[in-house]
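First up is the structure itself, then whatever we jot down about it.
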Amino acid sequence: MGVTGDILAIALSIVAVGVSLSALLFSVRTDRVSRLTHTHETLSAPEIQEGRRLLWTHYRASTDWAEVKDRQPEEWAAINHALAMMDVAAYYDHKGWLPSGALLELWGDSLKGMRIPVFSFIEFRTLTEPGWERLDPRFLPDLQVAIRDAAATR
Numbered sequence: 000m001g002v003t004g005d006i007l008a009i010a011l012s013i014v015a016v017g018v019s020l021s022a023l024l025f026s027v028r029t030d031r032v033s034r035l036t037h038t039h040e041t042l043s044a045p046e047i048q049e050g051r052r053l054l055w056t057h058y059r060a061s062t063d064w065a066e067v068k069d070r071q072p073e074e075w076a077a078i079n080h081a082l083a084m085m086d087v088a089a090y091y092d093h094k095g096w097l098p099s100g101a102l103l104e105l106w107g108d109s110l111k112g113m114r115i116p117v118f119s120f121i122e123f124r125t126l127t128e129p130g131w132e133r134l135d136p137r138f139l140p141d142l143q144v145a146i147r148d149a150a151a152t153r
């Protein structure tokens, strides 16, 4: 192979690396968009919407969270499930697994509107749940950050 052949081999290798990097970047972007779509579908699911509605209903009625937990376990579970899904979405956003800014763009108003009832619920859970003191003292930390970001940008 001479010098020309070596140069051609190097050039082809550089092109192959460029094509591979482009394919990788495209794949990462496609994965983020797919994850965003799935996250949005999950947060829009009827049972998750119902959990958020129950959170608001009990908060507006000044219901004691202990009463909900003890006397309405299905509603307690629905609220917990909805907040857990919101926290997963916030975690994905925090880790950069969603397109930048997409969670706040799509869910910022909902997050901002949930701020007070969520923090009320979190305070109750943190004070009353055995074992929680071993965990992060803030229940749903990524959700709390997302809520604060939404409040700051809207």
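With numbering that gives the first Met the number 0, letter number 44 in the sequence shown gets 43, and the count goes up by one each step, no holes.
Even glycine gets a Cβ: it sits at the ideal position worked out from N, Cα and C.
Since the structure is predicted, the reported quantities are computational estimates derived from the model, not experimental observations.
| Segment contact flag, the region 95 to 110 with the region 55 to 70, C-beta cutoff 8 Å, min 3 pairs | no
| Are at least three pairs of beta-carbons, each pair with one atom in the region 63 to 77 and one in the region 23 to 43, less than 8 Å apart? | no
| message | Less than 8 Å between the beta carbons of MET113 and ILE146, yes or no? | response | Taking the sequence shown and counting its residues from 1, one reaches residue 113 at position 114. Taking the sequence shown and counting its residues from 1, one reaches residue 146 at position 147. Their beta carbons are under 8 Å apart, which means MET113 touches ILE146 by this criterion.
| task | Give the range of the alpha helix (DSSP H) segment to which LEU97 is assigned. | result | Counting from 1 along the sequence shown, the entry for residue 97 is found at position 98. From DSSP, LEU97 is part of no alpha helix (DSSP H); its letter is neither H nor E.
| said: If contacts are defined as beta-carbon pairs under 8 Å, then ALA81 and ILE47 qualify, I think. What distance do you get, rounded to the angstrom? | reply: Counting from one through the sequence shown, the residue named residue 81 turns up at place 82. Counting from one through the sequence shown, the residue named residue 47 turns up at place 48. Their Cβ separation, rounded to whole angstroms, is 5 Å, which keeps ALA81 and ILE47 in contact under 8 Å.
| message | Checking 8 Å against the spacing of the C-beta atoms, do LEU103 and ALA149 come in under that value? | response | For the purposes of this step, residue 103 is taken as residue 104 along the sequence shown, with counting starting at 1. For the purposes of this step, residue 149 is taken as residue 150 along the sequence shown, with counting starting at 1. Going by C-beta atoms, LEU103 is nearer than 8 Å to ALA149.
| query | Secondary structure at GLY107, three-state DSSP: helix, strand or coil? | reply | By 1-based counting over the sequence shown, the position of residue 107 is 108. The answer is helix: DSSP assigns GLY107 an H, G or I state.
| query | When you compare each of GLU49, ALA83 and ASP30 to ARG124 by their alpha carbons, which one comes out closest? | reply | Taking the first residue of the sequence shown as 1, we reach residue 124 at position 125. Measuring from the Cα of ARG124, the nearest candidate turns out to be ALA83.
| Thinking C-alpha only, which one of SER26, ARG51, ASP86 and ALA88 is nearest GLU74? | In the sequence shown, counting from the first residue as 1, residue 74 sits at position 75. With distances taken between Cα atoms, GLU74 lies closest to ARG51.
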